[in-house]
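First the structure, in the form of structure tokens, and then the observations on it.
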Amino acid sequence: MSRYSVWQVLKNGFTGQTGWSRVWRDPEPKPHYDVIVIGGGGHGLATAYYLARNHGIRNVAVIERGWIGGGNVGRNTTIVRSNYMIPGNTEFYEFSVKLWEQLSHELNYNVMFSQRGQLSLFHSPAGRDAAARRANIMRSNGIDAELLTRDQVRSRVPHLDFSDSARFPIHGAVLQRRAGTARHDAVAWGYARAADRLGVDILQNCEVTGFIREAGRLVGVETARGEIRADRIGLAVAGSTSHVARLAGLDNLPIESHKLQAFVSEPLKPLLDMVVAFAGVGGGHGYISQSDKGGMVFGGDLDLYPSYAQRGNLPVVEEVAAMARMLMPCLGRVRLLRHWAGIMDMSMDGSPFICRTPIDELYLNAGWCYGGFKATPASGWCFAHTIANQAPHDLNARFTLDRYAAGLAIDEKGAGPTPKAH
Ligand SMILES: Cc1cc2nc3c(=O)[nH]c(=O)nc-3n(C[C@H](O)[C@H](O)[C@H](O)COP(=O)(O)OP(=O)(O)OC[C@H]3O[C@@H](n4cnc5c(N)ncnc54)[C@H](O)[C@@H]3O)c2cc1C
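Take the sequence shown: its position 258, counted from the start at 1, is 258 in my numbering, and no numbers get skipped.
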């Protein structure tokens, strides 16, 4: 399979683009693998890649119900940041940003990671105190964070509403310069291609419909393409976690499935060169960035009732449009081109699970809430480690299923299924 390089681009430019090979193979399932990863989203593909790259486990299959990138990895607003402040999350998400910084080179695939910076606005003196606390915790953990005054924010993003009549007056912001955005499809395709090069089988159109048990052990899965056996099985199915886990006999996971919508406007000339996040006093939150094609990309709260529908409801459309208009009044007449929803597996404390389960052969990667895209590289790295060693990496040691029973919730404010309750 060809490596991407300037030379290849030039050569193919002169030879009618005939020299490119398939980006990943389309193999028939083997009867047995060392490891099966269920779910061909970012996390499943990254896990397979790091199993092969870091642990030399290459007899691996990623089993995907639909097509690579058709789940949340292709439906999110692509914000990558590490502005977390609870032990466990802080070091995990910072490790992820460090992996992002090298990812295009690592995968030989341009994931278009653009460290344009994120501004998290605050709107009151109390908001400043909370923001300063978060920034100080980040800095004491070696993560970049700067507290900006209102004037410093204005000099960076003059189009925000700094008027006296602003609904949420801007008092300042925390800036994380190393935060940014990436191209979501490219992340899925890049990991798929790199995993495939190391021998991983990517099996698309292959829904897992059941699990095979023999002598009390899980020995494989039933799929739309027949039975496939494995020594270890990793579950990385994001919004379908409760459903697929139940097929394996793992009931009552501390997860609720909610939908989250994303919105893209018609393309505009360059207007916003950073990500701007807003958290209102008394609830409500949202964020805006501008894609490389010029569309303004928005997001807000969950639809706030459990559902498996991959489409959102109009009240949230209205709320997010009002948020965008309130933050940047100049967007008032911009037309919305597209909106859609993805299914989020919301954990009860807003933090994920990367762990073994009560079923010996089954490993769980889930509970990513709003924030799993940014976690993709670290999640794959740590899940692969956990499966390969049958024990967690230091970075995911706290992301267990039994942490609630032990009173060890990792309660990252505002990130669980009922943000206002946190
Ligand atoms: C609107 C929206 C905006 C978001 N914005 C951000 C953001 O800005 N930053 C951020 O960090 N995160 C964001 N997220 C969250 C992020 O997208 C998810 O947390 C992350 O993508 C989930 O992991 P994944 O990529 O592996 O999931 P997915 O891509 O959903 O992968 C799971 C895969 O499992 C497959 N599957 C399910 N059931 C089966 C089965 N039975 N058999 C086989 N395969 C199966 C699915 O088809 C799917 O492809 C956002 C999410 C949404 C919906």
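Built from N, CA and C at the ideal position, the CB exists for glycine as well.
- Message: What does the alpha-carbon distance come out to for the pair Asp394 and Ser291?
- Response: On the sequence shown, residue 394 is found 394 positions in, with the first residue counted as 1. On the sequence shown, residue 291 is found 291 positions in, with the first residue counted as 1. Between Asp394 and Ser291, the C-alpha separation is close to 35 Å.
- With a threshold of 7 Å, establish whether the CB of His258 neighbours any heavy atom of ligand 1. As a first step, residue 258 must be located in the sequence shown, where it is residue number 258. No, the Cβ of His258 stays beyond 7 Å of every heavy atom of ligand 1.
- Measure from the alpha carbon of Ser347 to the alpha carbon of each residue in Ile233, Ala132, Arg156, Asn252, then state which is nearest. By one-based count along the sequence shown, residue 347 stands at place 347. It is Asn252 whose Cα lies nearest to the Cα of Ser347.
- Message: Is it the case that the stretch 200-214 contacts the stretch 59-72, given that we only count it when at least three CB pairs across the two stretches are under 8 Å?
- Response: yes
- Query: Taking C-beta to C-beta, are Met344 and Ser257 nearer than 8 Å?
  - Reply: As a working note, residue 344 is residue 344 in the sequence shown. As a working note, residue 257 is residue 257 in the sequence shown. Closer than 8 Å, so yes.
- Could you pull out every residue in the same chain whose Cβ sits closer than 6 Å to the Cβ of Ser82, ignoring the five residues on either side in sequence? Your numbering for residue 82 matches position 82 in the sequence shown. If we look at Ser82 and ignore the five residues flanking it on each side, its Cβ neighbours are Tyr93, Glu94, Val97, Ile143.
- Query: Cα-Cα, which of Pro377, Gln115, Ile288 is closest to Leu103?
  - Reply: The sequence position of residue 103 within the sequence shown is 103, counting from 1. Residue Pro377 is the option with its Cα nearest to Leu103.
- For ligand 1, any of its heavy atoms closer than 7 Å to the Cβ of Gly344? Position 344 of the sequence shown, counting from 1, holds the residue named residue 344. The sequence shown places Met at residue 344, not Gly. True, at least one ligand heavy atom lies under 7 Å from that Cβ.
- When the Cβ atoms of the stretch 211-222 are set against those of the stretch 106-115, are three or more pairs found closer than 8 Å? no
- Message: Quick check on Leu327: buried or exposed, where buried means 16 or more other Cβ atoms within 10 Å of its Cβ?
- Response: Position 327 of the sequence shown, counted from the start, is the residue given in the question as residue 327. When all chains shown are included, Leu327 counts as buried.
- Message: DSSP three-state label for Lys11, please.
- Response: Position 11 of the sequence shown, counted from the first residue, corresponds to residue 11. It is helical.
- Message: As a quick exercise: from Ile57, Trp7, Ala166, pick the residue whose alpha carbon is nearest that of Ile387.
- Response: As a first step, residue 387 must be located in the sequence shown, where it is residue number 387. Looking at the Cα atoms, Ile57 is the closest of the given residues.
- Assigned secondary structure, Ile63 (DSSP; H/G/I helix, E/B strand, else coil): Residue numbering aside, residue 63 sits at position 63 when the sequence shown is read from its first letter. The answer is strand: DSSP assigns Ile63 an E or B state.
- Task: Along the beta strand (DSSP E) that carries Cys355, what are the first and last residues, could you check?
- Result: Start at 1 with the first residue of the sequence shown, and residue 355 comes out as number 355. Segment 353-356, the beta strand (DSSP E) holding Cys355.
- Query: Should Thr18 be listed as close to ligand 1, given that the test is whether its C-beta is under 7 Å from any heavy atom?
  - Reply: For the purposes of this step, residue 18 is taken as residue 18 along the sequence shown, with counting starting at 1. For ligand 1, not one heavy atom lies less than 7 Å from the Cβ of Thr18.
- Query: For Leu272, which residues from the same chain have a beta carbon less than 6 Å from its beta carbon, with the 5 sequence-adjacent residues on both sides left out?
  - Reply: Counting from one through the sequence shown, the residue named residue 272 turns up at place 272. Cβ within range, chain order: Gln290.
- C-alpha distance - Ile255 paired with Thr18, whole-angstrom precision: Against the sequence shown, residue 255 aligns to sequence position 255. Against the sequence shown, residue 18 aligns to sequence position 18. Between Ile255 and Thr18, the C-alpha separation is close to 47 Å.
- Item | Three-way DSSP call (helix, strand, coil) for Lys30 in this model | For this step, residue 30 is matched to residue 30 along the sequence shown. Correct three-state label for Lys30: coil.
- Query: I think Gln176 touches Ala145, with their Cβ atoms under 8 Å apart; what is that distance to the nearest whole Å?
  - Reply: Working through the sequence shown from its first residue, we reach residue 176 at position 176. Working through the sequence shown from its first residue, we reach residue 145 at position 145. Going by Cβ atoms, the distance from Gln176 to Ala145 rounds to 6 Å, so yes, they are a contact pair.
- Message: Taking its Cβ as the centre, do 16 or more other Cβ atoms sit within 10 Å of Thr47, making it buried, or is it exposed?
- Response: In the sequence shown, counting from the first residue as 1, residue 47 sits at position 47. It is buried - the Cβ of Thr47 has at least 16 other Cβ atoms within 10 Å.
- Closest residue to Thr78 among Arg338, Ile359, His339, Gly299 (Cα-Cα distance): Here residue 78 is taken as the residue at index 78 of the sequence shown, counted from 1. Selected option, being the one with the closest Cα: Gly299.
- Buried or exposed: Arg25, going by 16 or more other Cβ atoms within 10 Å of its Cβ? Along the sequence shown, one-based indexing puts residue 25 at 25. Arg25 should be labelled exposed.
- Give a single yes or no on whether Trp368 has its beta carbon closer than 7 Å to a heavy atom of ligand 1. Residue mapping note: residue 368 aligns to position 368 of the sequence shown, counting from 1. The answer is yes for Trp368.
- Less than 8 Å between the CB atoms is what I'm expecting for Gly41 and Asn72, so what's the real figure, rounded? As a working note, residue 41 is residue 41 in the sequence shown. As a working note, residue 72 is residue 72 in the sequence shown. Right, the Cβ-Cβ distance comes to about 6 Å (below 8 Å), so this counts as a contact.
- Query: Skipping 5 residues on each side, what residues in its chain have a beta carbon closer than 8 Å to that of Glu91?
  - Reply: If you number the sequence shown from 1, residue 91 lands on position 91. Taken in chain order, the residues that qualify are Asn141, Leu395.
- Is the beta carbon of Gly286 within less than 7 Å of some heavy atom of ligand 1? In the sequence shown, residue 286 corresponds to position 286, counting from 1. No, since every heavy atom of ligand 1 falls outside the 7 Å radius drawn around the Cβ of Gly286.
- Query: Measuring CA to CA, which of Gln8, Val276, Gly88 is closest to His159?
  - Reply: Along the sequence shown, read from residue 1 onward, the residue named residue 159 stands at position 159. Residue Val276 is the option with its Cα nearest to His159.
- Query: Cβ-heavy atom distance between Phe373 and ligand 1 below 7 Å?
  - Reply: If you number the sequence shown from 1, residue 373 lands on position 373. Checking the Cβ of Phe373 against ligand 1 gives yes.
- May I have the straight-line CA-CA distance separating Ala321 from Ala188, to the nearest angstrom? Position 321 of the sequence shown, counted from the start, is the residue given in the question as residue 321. Position 188 of the sequence shown, counted from the start, is the residue given in the question as residue 188. Rounded to the nearest angstrom, the two C-alpha atoms are 29 Å apart.
- Query: Under the three-state reduction of DSSP, which class applies to Ile387: helix, strand or coil?
  - Reply: By 1-based counting over the sequence shown, the position of residue 387 is 387. Residue state, collapsed to three classes: helix.
- When you compare each of Pro27, Gln152, Ile233, Ala131 to Gly199 by their alpha carbons, which one comes out closest? For the purposes of this step, residue 199 is taken as residue 199 along the sequence shown, with counting starting at 1. Selected option, being the one with the closest Cα: Pro27.
- Task: Would you check whether ligand 1 has a heavy atom nearer than 7 Å to the C-beta of Thr78?
- Result: As a working note, residue 78 is residue 78 in the sequence shown. Yes; taking the cut-off as 7 Å, the Cβ of Thr78 has a heavy atom of ligand 1 nearer than that.
- Can you give me the start and stop residues for the alpha helix (DSSP H) that Val187 sits inside? Within the sequence shown, the letter at position 187 stands for residue 187. 184-197 is the extent of the alpha helix (DSSP H) around Val187.
- Query: If you count every other CB in all the chains shown that lies within 10 Å of the CB of Trp20, and 16 or more means buried, which is it?
  - Reply: Residue numbering aside, residue 20 sits at position 20 when the sequence shown is read from its first letter. Its Cβ having fewer than 16 others within 10 Å, Trp20 is exposed.
- Query: What beta strand (DSSP E) runs, 3 residues minimum, are completely inside the stretch 256-308?
  - Reply: 275-279, 285-290, 295-306
- Regarding Ala384 and ligand 1, is the C-beta to nearest heavy atom distance less than 7 Å? Counting from one through the sequence shown, the residue named residue 384 turns up at place 384. No, the Cβ of Ala384 stays beyond 7 Å of every heavy atom of ligand 1.
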